[in-house]
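Chain order of the listed sequences is A and B. Here the numbering used here is used: position 244 in the first sequence is 247, and no number is missing along the way. Here the numbering used here is used: position 285 in the second sequence is 287, and no number is missing along the way.
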Amino acid sequence: MSESAVQTGAEKSYKRIRSSIHSKKRSQQIADTVSFLVIIILAALVMLPIWWMIRSSLMKSLEIFKWPPQFFPKEWLFSNYNIKPTTFDFWRYLGNTLTIVVPSVVFGTATATLCGYAFARLRFRGKALLFSLCVGSMLLPTMVTLIPLYIAWSSLGLTDTYWPLILPYLCGGGAFNIFLIRQFIKTLPRELDESASIDGASYFRTLVSIILPSIKPAIIVVALLIFITTWNDLLQQTIYISSREKYTIAVGLTTFMGSFKNDYAGMFAATCLSFLPGVVVYLLGQRHFVEGIVMTGMKN
Amino acid sequence: MNQRGACIADCLCGRLAVLLSRKCVIDMTNKKKRAKIAVKEQRAAYLFLIPALLGLTFITYVPLLAVFGISLTDLNVGHFIKGGTMPPVKYVGFENFKEIFRNPSIDFLNSIKVTVVFALVAVVLSIIYSMLIAMLLNRKMPGRGFFRAIFYIPYILPATAVMISWWFLLKYDGGLINYILVSLGLGKSYFLSAAKSAIPSLAMIAVWTSGNLIVIFLAGLQNVPRVYHEAAEIDGANAWQRFWNITIPSMTPIIFYNLLMSLVVNLQVVVPALAVTKGGPGKSTMFMTYLMYQTGFRGRELGQAGAIAFVFFIVAAILAFILFATSKSWIYDEGGEDKK
């Protein structure tokens, strides 16, 4: 075999490898483009219902169900959002809802952090048992305990107050949140807080000044999750709240839905208004949110 | 606190507690040198755990035991009205259980069927949908964070508002979805206003709101080691083979977690019935939780509602048990051997 033949052979195989890498890259690119297009279409489909609600809230009641439907209102009737307080008292309901949500989120997150820290870092008797009870309660449907809790709260005379809706969140904010914080703290290097405790800092101070700043994403996730749960808890709000001036947004909306008389525009406006607080809160914490869940390493 | 905590735990878990505390004692003796720190540490731990202990005791486990007790009485909402004229609470044995299964106006078996069918359909479809979206979002693309937010938003909207929105979107006349169906040359559907299509429609809405599963799947996908994919690629595995033999096996723990969590959530479905369908049309959306609400708070029969809750607990436990029991055969355990 001559030298040139060897060279062309090597060149050929080199070319083949190169072209295969090239085509792999290209097929990768095609796959990326296709999935990007699919995502755009799916995202549009997911958003369509929300857009539909918004456009309906800005139309005349008669136009909303016109056939064929219009995708944009002819004139933007922001006046629909002036809903009579007697039908849907948004600001009052919002205030009431926040009276439940804010303490639940604040104290729920705080106690979840304390408990999560204890489970992640401190050694104590009965830890394994307590932790399995905690994880076990994640699986327990809250619906099962509803009747006993109702009986307990009403024997304490606390029905038609917000206490039955707030107090459960002061107890660690739910097992899942404790679990989440624990997982997150476990991913931090132990040296971080050990050096602090050797320096003589108390456990509480270690938690506040060393751990807390590093688990910010997890805290935000937990706060958001508690926010969503309390915001969505229509069943308990319906059971415990009976007087109209104490209605939450969810209860008020359901009542409006049950009694509106062709005031479609008002109905849609009320629904869109109640979308708002959640979206605002989510957008504020969005950046930390996925990071928080990713870093907890859901694998364990 | 320690003593009492141990006592409650003992009652609940009996032997398990004894076993575990024995193990702890051994641990403690091994660390005698650190005994002084341990006391301080232990005190801090119990102090931090007071909220969780209170919650687990009074919000979770005591009510769980109490619900069975309540289901054996004729407790009524009337017993809690001041100055009411209700006769004192009586022990009625298993009468409530007999009643809920026998009374045709309660129609409990239908309720169980409806709830379980809804939960299974919703769980399976949500898992497939969110896995698909997560896989797509895991690729390189511009504006990933933006799209992630888009798919997550339905989950953070208040469930009540979501249900009301979909009620209008799915209207027979003038609803957006029926307009789309007609434009595509398909027939109109009654969706939520017909008994046959109500459950599939609600399952579809549940899929739409399953953005939380997407985030958890995404987190999992980012933990799949890239080396596996690269190695398989060099060995000539195509995309489908890689998906089926690498992505899915390494995701099984997360799939299991998502299955379990969304099962627990979907079995408790109640907002659709409470906000719009009111259990109808017919009894096609008379979910167990809604039936419990109806019986306990509309019908005022807390005893019967307790019986419903207890049966619900059994049903949920059976489903969760099936999931756990089968999980060993399909969850790929990284530490162990490959599944055979």
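For glycine and all other residues, C-beta sits at the position ideal for the given N, C-alpha and C.
Can we say the region 281-296 of chain B touches the region 56-66 of chain B, given the rule of at least three CB pairs closer than 8 Å?
no
Taking the Cβ atom as the reference point for each residue, do P160(B) and I252(A) lie within a distance shorter than 8 Å?
Yes, these two residues count as a Cβ contact at 8 Å.
For the region 56-70 of chain A, which residues have a CB atom closer than 9 Å to at least one CB atom of chain B, in sequence order?
M56, S59, I67, F68, K69 and W70
Express the C-alpha separation of P89(B) and D76(B) in angstroms, rounding to a whole number.
10 Å
What are the start and end residues of the alpha helix (DSSP H) that includes I155(B)?
R146 to I158
In the DSSP assignment, what are the bridge partners of T75(B)?
Y93(B)
Tell me which residues of the region 234-247 of chain B have at least one Cβ-Cβ distance to chain A shorter than 9 Å, keeping chain order.
E235 and A241
Applying the 10 Å Cβ sphere with the 16-neighbour rule, what's the burial state of T279(B)?
buried
Enumerate in chain order the residues of its own chain whose CB-to-CB distance from F314(B) is below 6 Å, with the five nearest sequence positions on each side excluded.
M290
Are F91(A) and F259(A) closer than 8 Å when you measure CB to CB?
yes
E66(A) by DSSP, collapsed to three states: which one?
helix
Can a CB atom of chain A be found closer than 8 Å to the CB of L139(B)?
yes
From this set, F271(A), L101(A) and A113(A), which residue's C-alpha is nearest G224(A)'s C-alpha?
This sequence places Val at residue 224(A); Gly is not what is there. Ranking F271(A), L101(A) and A113(A) by CA distance to the CA of V224(A) puts A113(A) first.
Any C-beta of chain A sitting closer than 8 Å to the C-beta of K142(B)?
yes
Between the beta-carbon of L149(A) and the beta-carbon of A322(B), is there less than 8 Å?
no
Closer than 8 Å by beta-carbon distance: list the chain A residues that pair up with W210(B), in chain order.
Within 8 Å Cβ-Cβ: V49 and P52.
Starting from the C-beta of L66(B), find all residues in its chain whose C-beta is less than 8 Å away, skip the five residues before and the five after it, and write them out in chain order.
F315
Can you give me the C-alpha to C-alpha distance between L261(B) and I201(B), rounded to a whole angstrom?
19 Å
For A46(B) and G57(B), what's the separation of their Cα atoms in angstroms?
18 Å
Specify the secondary structure class of E194(A) as computed by DSSP and reduced to three states.
helix
Specify, as a first and last residue, the run of the alpha helix (DSSP H) that A253(A) falls within.
Start and end: I252 to S262.
Check for me: the alpha helix (DSSP H) holding L178(B) runs from which residue to which?
L178 to S185
I'd like to know whether the C-beta atoms of I173(A) and P53(B) end up nearer to each other than 8 Å.
Rather than Ile, the amino acid found at residue 173(A) in this sequence is Leu. Going by C-beta atoms, L173(A) is nearer than 8 Å to P53(B).
Excluding the 5 residues flanking P255(B) on each side, which residues of the same chain have their C-beta closer than 7 Å to its C-beta?
I333
Alpha helix (DSSP H) containing A131(A): first to last residue?
K130 to L142
Please report the distance separating the alpha-carbon of V27(B) from that of R128(A).
Because V27(B) sits at a pLDDT of 48, beneath the cut-off of 50, its placement in the model cannot be relied upon, and the following sentence gives the value as read from the coordinates. Cα to Cα, V27(B) sits roughly 8 Å from R128(A).
Could one say the Cβ of P251(B) lies closer than 8 Å to chain A's Cβ atoms, at least one of them?
no
In three-state DSSP terms, what is E3(A)?
What the structure shows of chain A is the stretch from 4 to 303, and residue 3(A) is not part of that stretch, so it cannot be assessed.
Taking C-beta pairs closer than 9 Å, name the residues in chain B that T241(A) reaches, listed in chain order.
Going along chain B in sequence order, the residues near T241(A) (Cβ under 9 Å) are L276, Y295 and F299.
Check distances from the C-beta atoms of the region 173-197 of chain A to those of chain B and list, in chain order, the residues that come in under 7 Å.
L173, C174, G175 and I181
Quick check: is the beta carbon of Y206(A) nearer than 8 Å to any beta carbon in chain B?
Yes - at least one Cβ of chain B is within 8 Å of the one on Y206(A).
Determine the chain A residues that contact I72(B) at a beta-carbon separation under 8 Å, and present them in chain order.
I150, P151 and I154
With a threshold of 16 other CB atoms inside 10 Å of the CB of I33(A), please say whether the residue is buried or exposed.
exposed
Could you spell out where the alpha helix (DSSP H) holding M165(B) opens and where it closes?
Per DSSP, M165(B) belongs to the alpha helix (DSSP H) from A161 to L171.
Per DSSP, what are the beta-bridge partners of E303(B) in this structure?
N78(B)
Whole angstroms is fine: what's the gap from I248(B)'s alpha carbon to F182(A)'s?
The straight-line gap separating the alpha-carbon atoms of I248(B) and F182(A) is approximately 28 Å.
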